[in-house]
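First residue of the sequence shown? That's 1 in UniProt numbering, and the numbers climb one at a time after it.
C-beta: ideal position from N, C-alpha, C; glycine also.
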Amino acid sequence: MTAAGIALDQVVADQPTAASATWTAFRRNPLGLVSLAVLAALVVVAVAAPLIADYPGGYGPAVLTPPSGQHWFGTDNLGRDIFAEVVWGTRISMLVAALSSALAIVIGVLVAVLGAYFPKVDTVVGAVVDLALSLPVLPLMILVAALAGPSLATVVVVIALFSWPEVARVVRSQALAVVRLPYIDAARLTGGSWLWIIRRHLVPAVAPVIVVSVVLTASRAVLSAAGLAFLGLGDPNSWSWGRILYEAQQSGAMSSAWWTTLFPSLAMLALVVSATLISIAYNDARNPRTREN
């Protein structure tokens with residue numbers, strides 16, 4: 001190999017990859033880093049819930065006591081520690097967010113890439129997605145959850161079934177632009193199968209959009225799960241942020257004991273705001289024009 005070729009290889013090797021350039025730009029965004037730290041802290045709380053607080057069961061002598069050194073977040077109408085409820089609620093809320101968003105992403109991405117690659121399928125996909133997005137989601141979620149019965153599996157499936165159209169819409173718009181690029185035509189001409197092209201070229205090309213969809217879908221899933229639990233359609237056998245609000249509303253403590261609703265609401269707010277800011281920071285970081293500024 002000539003000296004010029006070696007020098008060219010060295011220059012190419014020294015160029016940062018897209019992932020490293022994105023991460024470098026992301027680290028320059030303080031709001032993105034703080035939001036990532038908040039989200040990571042919530043994940044740690046969810047995983048380490050048994051080490052942080054005892055499971056909130058049974059009854060306690062201190063009923064509706066405000067926050068104190070003994071009960072950091074106060075107690076509810078049955079004397080249970082609200083701090084423990086929020087900690088264990090974090091585990092279920094994050095689990096619902098992870099499972100429902102994963103299921104919604106799988107369905108949405110699969111429908112989107114198949115529709116983008118096959119024009120005949122795209123006509124049907126576009127009509128189905130537009131129809132699904134025009135439906136009143138919350139009343140239908142309540143109806144389906146009520147008919148299926150309250151359980152963790154019901155909540156996950158219901159949220160996923162009503163979340164995938166939004167994922168499909170976003171991914172499909174990006175995939176339609178990718179399938180028109182020359183390298184996709186070249187892959188077809190070389191004899192690549194449609195499954196190979198979608199797996200090796202189309203899905204990696206829309207991966208950044210999928211990452212953003214995962215974060216946003218998870219945060220919306222938490223709100224949807226909390227809404228269903230607040231209406232009494234959540235899993236009655238496990239604690240969640242929505243169940244804490246439901247218990248406060250059922251006992252009449254929502255208006256007289258502010259701490260019964262404040263802390264689970266702050267937990268939901270922290271998750272939704274951090275997820276939104278992470279998605280914004282990630283979008284800015286992966287945009288070359290933004291990285292240059």
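Open item on the list: Taking only three categories from DSSP, how would you classify Asp54?
Closed with: In the three-state reduction of the DSSP assignment, Asp54 falls in the coil class, being assigned neither a helical nor a strand state.
TODO: Keeping to the same chain, check which residues put their C-beta closer than 6 Å to that of Ser151; ignore five residues upstream and five downstream.
DONE: Taking C-beta separations shorter than 6 Å and ignoring five residues to either side along the sequence, the partners of Ser151 in its chain run Asp235, following chain order.
Task: Cβ neighbours of Thr22 in the same chain (closer than 7 Å, five flanking residues each side left out) - done: Spatial neighbours of Thr22 in its own chain (CB-CB distance under 7 Å, excluding positions within 5 residues in sequence) are listed in chain order as Ala285, Arg286.
Task: Top-ranked residue by Cα proximity to Gly58, from Val155, Leu78, Val124 - done: A check of alpha carbon separations from Gly58 across Val155, Leu78, Val124 identifies Leu78 as the nearest.
TODO: List the whole-angstrom C-beta distance separating Ile52 from Val86, where the pair is believed to meet the contact cut-off of C-beta under 8 Å.
DONE: Contact flag wrong, Cβ pair sits at about 10 Å.
Task: chain E contact for Glu85 (CB, 7 Å cutoff) - done: No chain E appears in this structure, which consists of one protein chain only.
Task: Whether Ser279 touches Leu216 by CB criterion (7 Å) - done: In this structure, Leu216 lies closer than 7 Å to Ser279 by Cβ.
- [ ] Report yes if the CB atom of Ala112 is closer than 7 Å to the CB atom of Ala175, and no otherwise.
- [x] In this structure, Ala175 lies closer than 7 Å to Ala112 by Cβ.
Open item on the list: Assuming Tyr246 and Gly227 are in contact, meaning their beta carbons sit under 8 Å apart, how far apart are those beta carbons, in whole angstroms?
Closed with: About 10 Å; that fails the 8 Å criterion.
Task: DSSP state of Thr190 mapped onto helix, strand, coil - done: Thr190: coil per DSSP, three-state reduction.
Open item on the list: Would you call the stretch 83 to 103 in contact with the stretch 157 to 176, where contact means no fewer than 3 C-beta pairs closer than 8 Å?
Closed with: Inter-segment contact for the stretch 83 to 103 and the stretch 157 to 176 is present: three or more beta-carbon pairs are separated by less than 8 Å.
- [ ] Answer yes or no: do Gly115 and Val106 have a C-beta to C-beta separation smaller than 7 Å?
- [x] No.
Task: Secondary structure of Thr276, DSSP reduced to three states - done: Residue state, collapsed to three classes: helix.
Task: Residue nearest to Leu39 in terms of C-alpha spacing, selected from Ala248, Ala281, Val155, Val272 - done: Nearest option by C-alpha distance: Val272.
- [ ] Have a look at the DSSP bridge pairing and note the partners of Asp81.
- [x] Paired residue(s): Thr75.
Open item on the list: According to DSSP, simplified to helix, strand and coil, what is Leu133?
Closed with: Reduced to three states, the DSSP call for Leu133 is helix.
Open item on the list: Does Gly69 pass the burial test, meaning 16 or more other C-beta atoms within 10 Å, or should it be called exposed?
Closed with: Classification for Gly69: exposed.
Task: Contact check, Trp259 vs Pro66, beta carbons under 7 Å - done: In terms of Cβ geometry, Trp259 and Pro66 form a close pair [threshold 7 Å].
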